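Below is one structure; the comments refer to it alone.
There are 2 protein chains.
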Amino acid sequence: MRIIEIQGSSQPSTIRVGEAFANLPRHLPPGKAVVITDENVLRLYRDRMPALPVLSIGSGEAFKTLETVSDLYEALVDLEADRATFILGVGGGIVCDVAGFVAATYLRGLRFGFAATTLLAQVDASVGGKNGVNLEGYKNLVGTIRQPEFVICDPAFLETLPEAEVVNGMAEIVKHGLIADAGMFAFLEDHASAALRLEPAVVERLVAESVVIKAGVVGRDEVEAGERRKLNFGHTVGHALEKTGVFSHGEAVSIGMAFASRVSVRRGLLPEEAHRRILALLSRLKLPVRASVDPLRLVEALRRDKKRRANRIHFVLLEDIGRAVVQEIRMDELEGMAAEFPDILQTGPDP
Amino acid sequence: MRIIEIQGSSQPSTIRVGEAFANLPRHLPPGKAVVITDENVLRLYRDRMPALPVLSIGSGEAFKTLETVSDLYEALVDLEADRATFILGVGGGIVCDVAGFVAATYLRGLRFGFAATTLLAQVDASVGGKNGVNLEGYKNLVGTIRQPEFVICDPAFLETLPEAEVVNGMAEIVKHGLIADAGMFAFLEDHASAALRLEPAVVERLVAESVVIKAGVVGRDEVEAGERRKLNFGHTVGHALEKTGVFSHGEAVSIGMAFASRVSVRRGLLPEEAHRRILALLSRLKLPVRASVDPLRLVEALRRDKKRRANRIHFVLLEDIGRAVVQEIRMDELEGMAAEFPDILQTGPDP
Chain A
13 MRIIEIQGSS QPSTIRVGEA FANLPRHLPP GKAVVITDEN VLRLYRDRMP ALPVLSIGSG
73 EAFKTLETVS DLYEALVDLE ADRATFILGV GGGIVCDVAG FVAATYLRGL RFGFAATTLL
133 AQVDASVGGK NGVNLEGYKN LVGTIRQPEF VICDPAFLET LPEAEVVNGM AEIVKHGLIA
193 DAGMFAFLED HASAALRLEP AVVERLVAES VVIKAGVVGR DEVEAGERRK LNFGHTVGHA
253 LEKTGVFSHG EAVSIGMAFA SRVSVRRGLL PEEAHRRILA LLSRLKLPVR ASVDPLRLVE
313 ALRRDKKRRA NRIHFVLLED IGRAVVQEIR MDELEGMAAE FPDILQTGPD P
Chain B
13 MRIIEIQGSS QPSTIRVGEA FANLPRHLPP GKAVVITDEN VLRLYRDRMP ALPVLSIGSG
73 EAFKTLETVS DLYEALVDLE ADRATFILGV GGGIVCDVAG FVAATYLRGL RFGFAATTLL
133 AQVDASVGGK NGVNLEGYKN LVGTIRQPEF VICDPAFLET LPEAEVVNGM AEIVKHGLIA
193 DAGMFAFLED HASAALRLEP AVVERLVAES VVIKAGVVGR DEVEAGERRK LNFGHTVGHA
253 LEKTGVFSHG EAVSIGMAFA SRVSVRRGLL PEEAHRRILA LLSRLKLPVR ASVDPLRLVE
313 ALRRDKKRRA NRIHFVLLED IGRAVVQEIR MDELEGMAAE FPDILQTGPD P
């Protein structure tokens, strides 16, 4: 087991990579606790749930709404949850986002922790304290930033993950290597197929190193004034692609990373050779590096993105594998580049 | 003008007592801003509003809901509010609570400030960073703690206040004197009628001293682990009384303070003479000190209060005028005392 301590602005957060979910009771404070999970997790792991009241939400992004949050508030009232009640989110990114927001706002804030059941949640949603829900199709329009007291990353949960979900997690792991750790990127190059097979030793190292990287970035900048923006590498274009409904989060981010890598070469920041290594690793991890989208529509989607400011956008680029830099790019420059890169973002149908 | 700087955990908050609302533009950061206010304030002060988009909610506690919050999120999306948008709440406690919660959660937190238009908001809601809405009759069940960057307390707003609203504010001012400042309590004894007439010099001093007292308490304990509980003096019973629908907040708190003062005498903490001074000042300020309620129903309401923990309750008592202390009281002890004090809480109709 690897234990990573994160110092948030409000309280410390302890990430336990490799800890068994069965050991959960050791980490719960004494007193009342309530589990928030989703239908899918409950179906798979009902027998392993601790002996606590369980509130279950629908599975999927469609349930990441204020209505779900409101239903949970009412269920907590019915359970007579008070300020001393601990909230335990058991699930993937959506459960963590919803449970974290409910915990951060019920009675102005309850203590909470997570058991992350997907690779994506273990390497991403579990760290950083961002929570929230969508509103009218705007992702994470409503939320707060608050760290869970602990996150348990039990590799046993990953055994039931569909391959598409594994791939989603791999995209974030690649991202963490690209923005901050060339050694981890090289390790992934050497162990790509073992990683996809979820070999425990490889996965535990990748999850733990991802958490360390993300925690380091978040620790230097919890509210995303600058440094934290690096975590958006691949995500600006990625979110826009995800909104088309064609790509999963991981696929969209992978294409976004390939595009940002190409823009980095174009701006003279990244050697062409590094760009080729990036495309090669993404492909070996079964991640896509191209998409058939109209650049004009893509840029229009970017304009609507919540990170927009007037006609410029903060864009994360690479100076090298393992070293990210944030630059401002004008929307029209981005539009031009999107149109110029047919191997990354094609205007026509896939050949 | 008196300027009070408060150091919150997230950012400093500047309270400007005696500042004119017309000077608001000096305090707004450059860039986009949106006003959140209510129908009543808009009706009275439409002409004095700054040249900004204005979102108006219904007036009154009935509109302090998640539905109102959701409507405001959508209106902000329509206005293309982004992370750089500043939210300005202009109104009383309800507007500050709702606008503060919206600002704390839209895009995971926008910058915000208040212009407090009621005496109660100037001395209470403006300081401490608590925000939120009710859910199913539970007051402030949902919310966060976040400090506004500034609060403007313009005495000109108080001229249009109905007397009942002035009395509401006075109850909190008395409370601040009772828990922390015997000198301010004595000043109020000497200037009770001038205070009720809202003589500017008297009001400015009372508001400023109230803010300093509350800010001091909050600064020592932002999340209500201990010290902040003192601000609940009179509010435990007060909230229960308020729920009966018979009393305004100020009236309910006044009766709650009279009751807590009596309990303090009974527990041997407070001299009888101080108790008499408290009842006399409340009466001179046109605040009630008795209520016709069934103690059993009152205690039942206390049990449902969000501050409940099992069968004990944290209760704020006085050791002297200007010195509060928090003690745990069993619910049955409280029930017995409520039944024993016919001059404070009567079981029958008012004689």
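Those protein sequences? They're chains A and B, same order as listed. What the first sequence shows, in this note's numbering, is residues 13 to 363, in sequence order. What the second sequence shows, in this note's numbering, is residues 13 to 363, in sequence order. We put the CB at the ideal spot given by N, CA and C, even for glycine. These numbers come from a predicted model, not from an experiment.
> So what does DSSP say about H188(A), is it helix, strand or coil?
Replying inline: For the purposes of this step, residue 188(A) is taken as the residue at position 176 of the first sequence. It is helical.
> What residues from the stretch 135-168 of chain A come within 7 Å of chain B, judged by C-beta to C-beta, listed N to C?
Replying inline: K142, G144, L147, E148, Y150, L153, V154, G155, T156, I157
> Quick one: Cα of L78(B) to Cα of K76(A), how far?
Replying inline: Position 66 of the second sequence, counted from the first residue, corresponds to residue 78(B). Position 64 of the first sequence, counted from the first residue, corresponds to residue 76(A). The alpha-carbon atoms of L78(B) and K76(A) are separated by roughly 16 Å.
>> Here's the rule: buried if 16 or more other CB atoms are within 10 angstroms of the residue's CB, otherwise exposed. What is P361(B)?
In response: For the purposes of this step, residue 361(B) is taken as residue 349 along the second sequence, with counting starting at 1. Legend: pLDDT at P361(B) = 39, less than 50; position of this residue unreliable, no value from coordinates given.
>> Out of F245(B), G195(B), L170(B), which one is the CA nearest neighbour of E211(B)?
In response: Translated into the one-based positions of the second sequence, residue 211(B) becomes position 199. Nearest of F245(B), G195(B), L170(B) to E211(B), Cα basis: L170(B).
> Would DSSP call V110(B) helix, strand or coil?
Replying inline: Counting from 1 along the second sequence, the entry for residue 110(B) is found at position 98. Here V110(B) sits in helix by DSSP.
> Ordered along the chain, which non-local residues of its own chain (more than five positions away) have a Cβ less than 6 Å from that of K318(A)?
Replying inline: Numbered from 1 along the first sequence, position 306 holds the residue referred to as residue 318(A). Unreliable positioning characterises K318(A) in this predicted model, as indicated by a pLDDT of 49, which lies under 50. The coordinate reading is nonetheless provided below. Taken in chain order, the list of residues that qualify is empty.
> Any residues in the stretch 73-84 of chain B with a beta carbon nearer than 7 Å to a beta carbon of chain A? Which ones, in chain order?
Replying inline: L78, S82
> Between the stretch 134-151 of chain B and the stretch 205-224 of chain B, are three or more C-beta pairs nearer than 8 Å?
Replying inline: yes
> Under 8 Å between the Cβ atoms of M311(B) and M343(B)?
Replying inline: Against the second sequence, residue 311(B) aligns to sequence position 299. Against the second sequence, residue 343(B) aligns to sequence position 331. Before going on, a small fix: residue 311(B) reads as Val here, not Met. Closer than 8 Å, so yes.
> In or out: P363(A) buried (at least 16 other Cβ within 10 Å) or exposed?
Replying inline: Numbered from 1 along the first sequence, position 351 holds the residue referred to as residue 363(A). Reliability fails at P363(A), whose pLDDT of 37 lies under 50, so the model's placement of it is uncertain and the value that follows must be treated cautiously. Its Cβ having fewer than 16 others within 10 Å, P363(A) is exposed.
> Are the stretch 32-45 of chain A and the stretch 158-168 of chain A in contact at 8 Å, needing three or more beta carbon pairs?
Replying inline: yes
>> Can you find the residues in the same chain that come closer than 6 Å, C-beta to C-beta, to I341(B), ignoring five residues on each side of it along the sequence?
In response: Here the question's residue 341(B) lines up with position 329 in the second sequence. I325, F327, listed in sequence order.
> Does the beta carbon of L365(B) come closer than 8 Å to any beta carbon on chain A?
Replying inline: Any question about residue 365(B) goes unanswered here, given that chain B covers just 13 to 363.
> Does E86(B) get closer than 8 Å to chain A when you measure Cβ to Cβ?
Replying inline: The sequence position of residue 86(B) within the second sequence is 74, counting from 1. E86(B) counts as touching chain A.
>> I need the DSSP call for I267(A), collapsed to helix, strand or coil.
In response: Residue 267(A) sits at position 255 when you count from the first residue of the first sequence. Looking at I267(A) - three-state DSSP - the assignment turns out to be helix.
> Beta-carbon separation of E201(A) and L293(A) under 8 Å?
Replying inline: Here residue 201(A) refers to the residue found at position 189 when the first sequence is read from its first residue. Here residue 293(A) refers to the residue found at position 281 when the first sequence is read from its first residue. It is a contact, given that the beta carbons lie within the stated cut-off.
> Taking DSSP as the reference, what is the three-state secondary structure of P12(B)?
Replying inline: Missing from the structure shown is residue 12(B); chain B here goes from 13 to 363 and no further.
> On the premise that V66(A) lies in contact with L54(A), defined as a C-beta separation below 8 Å, what is that separation, rounded to the nearest angstrom?
Replying inline: Within the first sequence, the letter at position 42 stands for residue 54(A). Within the first sequence, the letter at position 54 stands for residue 66(A). So it is a contact: roughly 7 Å between Cβ atoms.
> So which of I15(A), N52(A), E17(A), K298(A) has the shortest CA-CA distance to A204(A)?
Replying inline: Counting from 1 along the first sequence, the entry for residue 204(A) is found at position 192. If we check each option's Cα against that of A204(A), K298(A) comes out closest.
>> I want to see whether chain B comes within less than 8 Å of A313(A), judged by CB atoms only; does it?
In response: Within the first sequence, numbered from 1, the residue matching residue 313(A) stands at position 301. So no, A313(A) is outside the interface.
> By how many angstroms is the C-alpha of K151(A) removed from the C-alpha of E345(B)?
Replying inline: Indexing the second sequence from 1 puts residue 345(B) at position 333. Indexing the first sequence from 1 puts residue 151(A) at position 139. When rounded, the distance between both Cα atoms is 51 Å.
>> To the nearest angstrom, how far is the alpha carbon of E439(B) from that of G72(A)?
In response: Lying outside 13 to 363, the shown extent of chain B, residue 439(B) is not represented and no answer is given.
> Looking at the unbroken alpha helix (DSSP H) that takes in S82(B), where does it start and where does it end?
Replying inline: Mapped onto the second sequence, residue 82(B) falls at position 70. Counting along the chain, the alpha helix (DSSP H) containing S82(B) begins and ends at 78-90.
>> Under DSSP, the beta strand (DSSP E) around R335(B) begins and ends at which residues?
In response: Along the second sequence, read from residue 1 onward, the residue named residue 335(B) stands at position 323. Where R335(B) is concerned, the enclosing beta strand (DSSP E) stretches over 335-342.
> Whose CA, out of T156(A), G181(A), G195(A), L330(A), lies closest to the CA of A207(A)?
Replying inline: Here the question's residue 207(A) lines up with position 195 in the first sequence. Nearest C-alpha to A207(A): G181(A).
> Could you give the uninterrupted runs of the alpha helix (DSSP H) lying entirely in the stretch 47-81 of chain B, keeping only those of 4 residues or more?
Replying inline: 51-57
> Mind checking if V305(B) is an interface residue toward chain A, Cβ cutoff 8 Å exclusive?
Replying inline: On the second sequence, position 293 is the one that residue 305(B) refers to. For V305(B), the answer is no, since every Cβ of chain A falls outside 8 Å of its Cβ.
> What does a CB cutoff of less than 7 Å around L91(A) pick up in its chain, not counting 5 residues either side in sequence?
Replying inline: Mapped onto the first sequence, residue 91(A) falls at position 79. The answer, listed in chain order, is V46, P65.
> In terms of residues, what are the limits of the alpha helix (DSSP H) holding G231(B)?
Replying inline: Residue numbering aside, residue 231(B) sits at position 219 when the second sequence is read from its first letter. Element bounds for G231(B): 212-232.
>> If you measure between the beta carbons of V5(B) and T256(A), is that distance less than 8 Å?
In response: Lying before the first or after the last residue shown, residue 5(B) is absent from chain B, which here runs from 13 to 363.
> Going along the stretch 87-112 of chain B in order, which residues come within less than 8 Å of chain A, judged by CB to CB distance?
Replying inline: V89, D94, R95, A96
>> Using CA atoms only, rank isn't needed, just tell me which of R289(A), G334(A), E254(A), L291(A) is closest to R309(A).
In response: Along the first sequence, read from residue 1 onward, the residue named residue 309(A) stands at position 297. Considering only alpha carbons, the answer is E254(A).
> Rounded C-beta distance between I69(A) and A227(A)? I'm assuming under 8 Å.
Replying inline: What you label residue 69(A) is simply residue 57 of the first sequence in a count that begins at 1. What you label residue 227(A) is simply residue 215 of the first sequence in a count that begins at 1. So it is not a contact: roughly 27 Å between Cβ atoms.
> For the candidate residues R240(A), I267(A), E352(A), G125(A), whose alpha-carbon lies nearest to that of G250(A)?
Replying inline: Taking the first sequence and counting its residues from 1, one reaches residue 250(A) at position 238. The option with the nearest alpha carbon to G250(A) is I267(A).
>> So the candidates are G231(B), P24(B), L291(B), L131(B); which of them puts its Cα closest to the Cα of V214(B)?
In response: Stepping through the second sequence from its first residue, residue 214(B) is reached at position 202. Closest option to V214(B), Cα to Cα, is L131(B).
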